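Its first residue numbered 3, the sequence shown is counted upward by one per residue in my numbering.
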Amino acid sequence: MARIQKRRSVFLRLVLLGFSIYTIISLGKLQVELVNSRKELEYQTAKEAEIKLRNQELLNLLNNGTERDFIERAARDRLGYVYADEQVFEDLSGQ
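Given below as structure tokens:
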């Protein structure tokens, strides 16, 4: 009878050890996943702020000028267009 109790005790300890190892590994994986999720959240939050700023700029551009002004500014800023007799100077000094 004592031998059966001893076997159960060893078996129970092995099961408990296995469960403990499984739990520790699972917690480690969850911690890594949490860190990755937080990094992704930071990235998405920054991206959202960028998009909101860009939207605000576009709204201001739309509200503060006529359609002709809007098209002209878009052509200058995005496409680099200028008038035929116009000279454009760029500051390359970095200041």
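From the three backbone atoms N, C-alpha and C, an ideal C-beta is built for every residue, glycine too.
Remember, it's a predicted structure, so these values are computed and weren't measured experimentally.
Quiz item: So phenylalanine 72 is in the alpha helix (DSSP H); what residue range does that whole segment cover?
Solution: Note, phenylalanine 72: alpha helix (DSSP H), 69–76.
Quiz item: Is leucine 63 closer than 8 Å to arginine 80 when the C-beta atoms are compared?
Solution: No, these two residues do not count as a Cβ contact at 8 Å.
Quiz item: If you run the structure through DSSP and keep just helix, strand and coil, what is glycine 96?
Solution: Glycine 96 falls in the coil class under three-state DSSP.
Quiz item: Where does tyrosine 24 sit, in a helix, a strand or coil, going by DSSP?
Solution: Three-state DSSP puts tyrosine 24 in a helix.
Quiz item: Cα separation between alanine 51 and isoleucine 23?
Solution: Using only the alpha carbons, I get a separation of about 42 Å.
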